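Participant:
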Amino acid sequence: MKSSLVGQAVILAALALLPAAGEAIYFRDKISWRSAIAPSEMVTVEQARGWGDTTIWIDARPEDEFASDHVPGAISLNEDRWNELLPQFLAAWAPGKKIVVYCSSLSCNASREVAHRLRKEAQLSDVFVLEGGWEAWLKKNK
Amino acid sequence: MNQTPNIEHRTSNIELPNDVGSFGVWRVLWRILDFVLAGIFIYAGALKAFDPVQFASDIDNYKILPWLVSVALAFYLPWLEIFCALGLVFRFLYRGALSILTASIVVFTLATIAAKVRGLDITCGCFGHASQNWSFPSHLATNLAILGALLTLGLSSRLRKPL
């Protein structure tokens, strides 16, 4: 084919759009376009509170923020002191408990990272991320 | 009045001597390189196409692009890689495929270096889960080797007959 280099690149780029669009439709329920967390892994404050005593709250924020205030009964577990804090959390955990991880706000990543590590490294299921984080909790508890 | 002769400049087709037996050998070697690179990109593309959620997360780890763009690229880039790789195999849109693959490997290499400079401990996601435990030097060496091979093919394609 004697079309120009740019023309060839454009044709290839356009061809790749077709399966990509198909895959995006196929995975529409498995990935969120708004947030890095899948919809099935997120909970709202109301949902988490509705679980009552089966919920374990994990505070993924830095130590000083946890010390200044946190969700009642929450356990501090952040990536800075992961190895030190994980055993404390595991001592409080029991099968059937739902784990809700939160960080500062909607835009923070710490809760996502901690939730990911709990699933991957501690092999725990029922790990959720609190939508809106600590800010959302404060709004609902004013 | 002097007239300038109408000289036809031929820059695209380089005339090759007829007796270059070694040229045939090089053609075979270049074709092998086409297939090797195509295999690498099809493998890498397929791994990522099967797990776009993980690839979106890998792109997001670079902390360069918004999540929305990371997701769009996670769906798109693996297929672009696969189509370009098929272009190498079937010599279809060959130079376009080489250009896209070269540009993408350059961008990923620069992003990997930038992430390292910024102190981010990330996996490049280039080969899905297979590359999760690769060290930074391994990433860099692999990318540079692929880049070298792509550039070699790009230069050699100029010596071959136009596609």
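If you read the protein sequences in the order shown, they are chains A and B.
Following the working numbering, the numbering of the first sequence begins with 241 at its first residue and continues without gaps.
Following the working numbering, the numbering of the second sequence begins with 416 at its first residue and continues without gaps.
Note that CB positions come from ideal geometry on N, CA and C, so glycine has one too.
Bear in mind the structure is a predicted one, so any value in this text is a computation, not a measurement.
Quick check on the burial criterion: 16 or more other C-beta atoms within 10 angstroms. Buried or exposed for E496 of chain B?
Facilitator: buried
Participant: Whose C-beta lies closer than 8 Å to the C-beta of L562 of chain B among residues of the same chain, with five residues either side of it excluded?
Facilitator: Closer than 8 Å at Cβ, skipping near neighbours: T517, I520, V521 and T524.
Participant: Which one or two residues does DSSP pair with T295 of chain A in a beta bridge?
Facilitator: A:K338
Participant: So is A307 of chain A buried or exposed if we call it buried at 16+ other beta carbons inside 10 Å?
Facilitator: In the assembly as shown, A307 of chain A is an exposed residue. Its beta-carbon has fewer than 16 other beta-carbons within 10 Å.
Participant: Less than 8 Å between C-beta atoms, sequence neighbours within five positions excluded: which residues of the same chain meet that for Y509 of chain B?
Facilitator: Sequence-distant partners of Y509 of chain B (beyond 5 residues in either direction) whose C-beta falls short of 8 Å from its own C-beta, in its chain, are G502, L503, S572 and L578.
Participant: What are the boundary residues of the alpha helix (DSSP H) that includes L480 of chain B?
Facilitator: Note, L480 of chain B: premise wrong, no alpha helix (DSSP H); not H, not E.
Participant: With a threshold of 8 Å between beta carbons, is P259 of chain A in contact with chain E?
Facilitator: In summary, chain E is missing from the structure at hand, where the protein chains are A and B.
Participant: Would you say R510 of chain B faces chain A, with C-beta separation under 8 Å as the test?
Facilitator: yes
Participant: Could you compute how far the alpha carbon of S344 of chain A sits from the alpha carbon of A254 of chain A?
Facilitator: Rounded to the nearest angstrom, the two C-alpha atoms are 41 Å apart.
Participant: Examine the Cβ distances between the stretch 332–342 of chain A and the stretch 357–369 of chain A and report whether three or more of them are shorter than 8 Å.
Facilitator: yes
Participant: Leaving out five residues on either side along the sequence, give the residues of the same chain with a beta carbon under 8 Å from the beta carbon of L183 of chain A.
Facilitator: Since the first residue shown for chain A is 241 and the last is 382, residue 183 of chain A is missing from the structure and cannot be characterised.
Participant: Give the single residue among A:S275, A:L257 and A:A261 whose Cα lies nearest to the Cα of N349 of chain A.
Facilitator: A:S275
Participant: Against chain A, with Cβ distances strictly below 8 Å, would Y491 of chain B count as a contact?
Facilitator: yes
Participant: Locate the beta strand (DSSP E) running through V311 of chain A, then write down its first and last residues.
Facilitator: Note, V311 of chain A: premise wrong, no beta strand (DSSP E); not H, not E.
Participant: Determine the DSSP secondary structure at S275 of chain A, reduced to helix, strand or coil.
Facilitator: coil
Participant: When the cut-off is 8 Å and only beta carbons count, does L566 of chain B lie next to chain A?
Facilitator: By this cut-off, L566 of chain B is not an interface position.
Participant: Under the rule that 16 or more other beta-carbon atoms within 10 Å means buried, what is G534 of chain B, buried or exposed?
Facilitator: exposed
Participant: Considering Cα atoms alone, identify which of A:P312, A:A249 and A:E324 is closest to I298 of chain A.
Facilitator: A:P312
Participant: Look at the alpha carbon of S280 of chain A and the alpha carbon of S272 of chain A, and state the distance between them as a whole number of angstroms.
Facilitator: 10 Å
Participant: Which class does S316 of chain A belong to by DSSP, given the choice of helix, strand or coil?
Facilitator: strand
Participant: Report the neighbours of L556 of chain B on chain A: residues whose CB is nearer than 7 Å to its CB, in chain order.
Facilitator: Per the sequence presented here, residue 556 of chain B reads as Ala, with Leu not at that position. By Cβ distance, chain A contributes nothing, its closest Cβ being about 27 Å from A556 of chain B, past 7 Å.
Participant: Residues of chain B with CB under 9 Å from E324 of chain A, in chain order?
Facilitator: Per Cβ cutoff of 9 Å: no residues; E324 of chain A is ~19 Å from chain B at best.
Participant: Once you ignore the five residues that flank R359 of chain A on each side, which residues in its own chain have a CB closer than 6 Å to its CB?
Facilitator: V367
Participant: Quick check on DSSP: helix, strand or coil for F329 of chain A?
Facilitator: helix
Participant: Have a look at R425 of chain A and T295 of chain A and give me their C-alpha separation to the nearest angstrom.
Facilitator: What is shown of chain A runs 241 to 382, which leaves residue 425 of chain A out entirely.
Participant: Within this structure, are the beta carbons of F498 of chain B and A256 of chain A separated by less than 8 Å?
Facilitator: Here F498 of chain B is near A256 of chain A, since their CB atoms are less than 8 Å apart.
Participant: Which residue or residues does DSSP assign as beta-bridge partners of L370 of chain A?
Facilitator: A:V283
Participant: Roughly how many angstroms separate the alpha carbons of W374 of chain A and H310 of chain A, rounded to a whole number?
Facilitator: 8 Å
Participant: Listed in chain order, which residues of the stretch 304–318 of chain A have Cβ atoms closer than 9 Å to some Cβ of chain B?
Facilitator: none
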